[in-house]
Amino acid sequence: MVKKFLFLEWKSFSRSASFNFNLAIKILLSIAAAFYGAMILLLGIGVFYMLQEEGFEPLSTVNKYLVYWWLADLIVRYFLQQTPVMQVKPLLTLPIKKSKIVSFLLGKSAFSFFNMYPVFFFLPFSIVLVVNGYSIVGVLAWHLAMMSIVYANNYLNLLIENLNALFIAVAVILVTLIGAQYAGYLDITIYFSPIFQAFYAYPIIGFGMLLIPISLFMYCFNYFKPRLRLDDVIKKKEKEVKTENFTWLDKYGVLGSFLKNDLKLILRNKRSKSTVLTSIFFLFYGLLLMSDSMYGAPTWKLFSGLFISGGFLFTFGGFVPSWDSSYYPLMMSQNIKYKEYLSSKWWLIVIATFCSMLLASFYLYFGWEYYLAIIVGAIYNMGVNAHIVLLGGAYVKTPIDLNAGKKAFGDKKAFNVKTILLTIPKLLLPLLIFYAFYKIWNVQAGYIAVALLGIMGFAFKNSVFSLIEKIYKQEKYATLSAYKQKN
Amino acid sequence: MIKIENISKVYNGVTVLTVPQLEIPEGQCFGLVGNNGAGKTTLFSLLLDLIEPNSGSVTNKGIIVNKSEDWKPFTSAFIDESFLIGYLTPEEYFYFIGDLRGKNKADVDVFLTPFEELFNDEILNKKKYIRDLSKGNQKKVGIVAALIGNPEVIILDEPFANLDPTTQFRLKAIIKEMATTKKVTIIISSHDLIHTTEVCSRIVVLNKGEMVKDIQTNSETLKELETFFSEGIMVRN
C-alpha cells in the first residue's frame, strides 16, 4: 500500500505544472541547497573548536542559545514548511483503511527539509563532542532530545496550522517571550539553558524527550483520522457569510469594482489572507537590522527601506495574476480590457505600498534618516517595482487554489521560492544605483537618484503598460492552459 | 453574426477540430451536438479566444476575435465553473458582471426579478459564497450572469446538464424567448437531443472534430439525430 502511495506521490510531483517551470531556477535552487547544507555541516563540525578557542565550554554555550533556534525553527516552519498534501478525496471510497492514509501523510511530513537540516548540524556536533571525551550516553541522550525537538516542532506545526486556538496561544507566548527579551525584562536563555543542559547531565531526561514527538504524532493521528471525511477536511464548513459592499469604491467605475473584488479576494480566502499577513511582517524587518552596526551603512538602510514598504508588493504582487487563476477564462472573455485589469492590480499594489509607508512611520523613532530611506524605497517600489512585478506576473503560471480546504490538511502556504528569486532584480538595481551615486557624490544624491527613478516610472506608466499588456496578450493562451491544471 | 473560416486546432499532432466554413446569422439559436471528444468545447473556446487556432479565424460581428478585444462588450458566455468567482456571493457576482457591462446595482436587481422562480429561493439572499453552492445552483448563477447586460451573442456549454427537470423547462423557455423576441444569437451545446431540437432552429453535429450534419430543425430532426447517433456513427467509423 505504501508503495502505491509513493507511486502516486511521484506522479503528482513529476507531472505538476510547476515542476516544469524552469531548469535554470531548479539548478539555482539545488546549488543554494547544497551551499547551505555544506555551511551547516561545517558549522556543526567547527563550532566546538571555535567556542573552545574563545574560551567557552562548547556544549553549555550551545545549550544557552538553543532556545532561540527552537523558537526560530517553529516560526520559520509556520511560514515556509509545506503541510503534507495528498489528493485524499478519490481514496476515501477505495478499500483503504483511513488510518493508513493518515499515517502515510504524517510519515511523509517527517521527511521534510526542515527535519533534515538540523541533522547536518547536530550529528557532526555530537560526534565531535564524543571524540573530545564527552560521555557517550550523555551525548546520545542530548542528540536524541534535539531530534525529538525537531520532530515535535514538525507535528506541532501541523497542529498549529489546523487549530486556530493553538496558533493564537503559541503566537502570544512567542511574542511575549521575544518582546520581554527584547525590552530586557527577562533573559529567556537563563531559564532554558539548564533544561538543555539536563539532557546531557541526566540522560534519562534526554531519552524521555522522545515521548514528546511520539505523543504529538499520536495526537495528530487521532486528530486527523476522524476528520478524514468529506464534510470535515475536504468540504469546508459553511458559515453564514457577511457581505461587504465597499460602496465607497463605486465612484471609481470599473476600476472600483475590480478593487472591490480584490479586497474580497484577500478577505475571504485563506491563501490570500495568510499572504497579506506575511506582508505585514515585512514592516518589522528593519528592527532586525537595527542593532547590527554593519547595517548602519546607508545602502543597507535603503535595502530595508525597499523591504519594509514592499511587503505586499513582494508577497501578493508576485502572484498576480495567479490570484485570479480559478476564474481566468471569465476574466479573459468578459467585457474587460487587459489594460483595465492590469491597472486595477497596479493601483492595489501602489495603495498597499503607500499604506505600508505610512504604517512604517514608527521608524521615525529611530531617526528621520531611517524613515527617509523607507520613503525613497516606497517611491521606487511604487514607480518601478510595481511595473516589474506585473511584468513578471505574465510568466508566473502557477495556479493558486484559493479554496485551500479541498486538500487533506490544507495548503495555506503563500510563500514560495520562485517569488523570492524574482525579487532579486527588484532589489539589486536600486541598490546599485544608490551605491554609485552615494560613492561619487553623497547619500542625498543617492536617495534623489533612486527617488527620481521611481518618479520616472510613474511618468512612463502608459508606455510601460502598453508593453506589459502586449506581453500578457502573448502569454494569454499559455497562461490559460497552465491555470487549467489545478493542484 | 459569427463567421468561422478554415479553423483548425491541433493538440500534440492530433487534429481535434477542423471547420472549413460555418456562418451563424444574427438571432439564430444554434445547437451543437456530438459525442464526448467531438470538439464542442474546443469550438467554444475558439469562439471566445481562450485557445489559439492553428489556422483560420473566427469573426464575431466583423471583428476577428484573436486580433481585437472589441467583441467582448456584446458577447457573453458560460462554459464551466471557471467562469464563476467562488468567493463572491451570487448577488455580488451579478453586480460585478453588471458593473463590467455598464449596469448599476438597481439595473441588475430589476434584471434578476424574473429569475426568482428559476432560482427557487436557493440562491439570492442566502448568505453563501458561490463556492459553497451545489453544482446545479452554481450553473444557474453562471447562466443567468451570462444574460446580464443585453449581450448580442450568448455562448452556453451544456446548459441543461446538472439542472433539475423544472429548471430545464424554464431555461428552455428563456432561451427560446431571447432568440425570437430579442434577436440574440445563442449558441449552445448539449448531449440532450430532445432539448436541443426543441430549442434550436439549427443543429450542427460534430463528430471527431468535423461537421457531419447541418440541419434546419423540423419535425423530423429528432428522429434523424437519434438514428444518426444510434447507428450512423458506428457505420461511419
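Residue numbers (numbering that gives the first Met the number 0), protein chains in the order written: chain A, 0 to 486; chain B, 0 to 236.
All C-beta atoms, glycine included, are put in the ideal place defined by N, C-alpha and C.
Item                                                                                                                      : Value
Complete runs of the alpha helix (DSSP H) confined to the stretch 341-388 of chain A [at least 4 residues]                : 367-379
Closer than 8 Å to chain A by CB, residue 19/B                                                                            : no
Where residue 122/B falls: helix, strand or coil (DSSP)                                                                   : coil
DSSP-derived helix/strand/coil call for residue 20/B                                                                      : strand
Residue 168/A to residue 156/A span [Cα, whole Å]                                                                         : 13 Å
Interface residues of the stretch 73-87 of chain B facing chain A [CB-CB below 7 Å]                                       : 76, 78, 81, 82, 83, 84, 85, 86, 87
Cβ-based burial, residue 72/A [other Cβ within 10 Å; buried from 16]                                                      : buried
Cross-strand partners of residue 9/B (DSSP beta bridge)                                                                   : 14/B
Status (buried if at least 16 other CB within 10 Å, exposed otherwise) for residue 126/B                                  : exposed
Cβ pair residue 119/A, residue 36/A closer than 8 Å                                                                       : yes
Contact with chain A by residue 146/B, beta-carbon distance below 8 Å                                                     : no
Chain A contact for residue 98/B (CB, 8 Å cutoff)                                                                         : yes
Closest by C-alpha distance to residue 469/A, when choosing among 374/A, 437/A, 298/A, 394/A                              : 394/A
Residue 208/A - DSSP class collapsed to helix/strand/coil                                                                 : coil
Proximal residues to residue 21/B (C-beta, below 6 Å), its chain only, five neighbours per side dropped                   : 3
Short Cβ contact (8 Å threshold) for residue 181/B with residue 161/B                                                     : no
Residue 202/B, enclosing beta strand (DSSP E) - first and last residue                                                    : 201-206
Contact set between residue 50/B and chain A, taken where Cβ atoms lie within less than 9 Å                               : 476, 479, 480
Buried versus exposed, by CB contacts within 10 Å (16 or more), residue 24/B                                              : exposed
Buried or exposed (CB count within 10 angstroms, at least 16 for buried), residue 388/A                                   : buried
8 Å Cβ shell around residue 346/A - same chain, five flanking residues per side excluded                                  : 254, 258
Cβ shell of residue 40/A (< 8 Å), same chain only, five flanking positions each side left out                             : 119, 120, 123
Through-space distance from residue 277/A to residue 89/B, alpha-carbon basis                                             : 30 Å
Residues that residue 131/A contacts on chain B, provided the C-beta gap is smaller than 9 Å                              : Neighbours of residue 131/A on chain B: none; closest Cβ ~59 Å, over 9 Å.
Test item: CB-CB of residue 227/B and residue 156/B under 8 Å                                                             : no
Partners in chain A for residue 47/B, counting only beta-carbon separations shorter than 9 Å                              : 328, 331, 332
Members of the stretch 170-186 of chain A that neighbour chain B once the beta carbon cut-off is set at 8 Å               : none
8 Å contact criterion, which residue 80/A and residue 29/A should meet: CB distance rounded                               : Actually they are not in contact, since the Cβ atoms of residue 80/A and residue 29/A sit about 19 Å apart, beyond 8 Å.
Where residue 0/B sits in the DSSP three-state scheme                                                                     : coil
Close-in-space but distant-in-sequence residues of the same chain around residue 113/A (CB under 6 Å, 5 per side omitted) : 76, 80
Option in 188/A, 348/A, 362/A with minimal Cα separation from residue 64/A                                                : 188/A
Exposure label - residue 131/B; buried when at least 16 CB within 10 Å                                                    : buried
Below-8 Å beta-carbon distance, residue 95/B vs any chain A residue                                                       : yes
Buried/exposed call for residue 10/A, threshold 16 Cβ in 10 Å                                                             : exposed
Exposure label - residue 77/B; buried when at least 16 CB within 10 Å                                                     : buried
CA-to-CA distance, residue 321/A to residue 128/B, given in whole angstroms                                               : 20 Å
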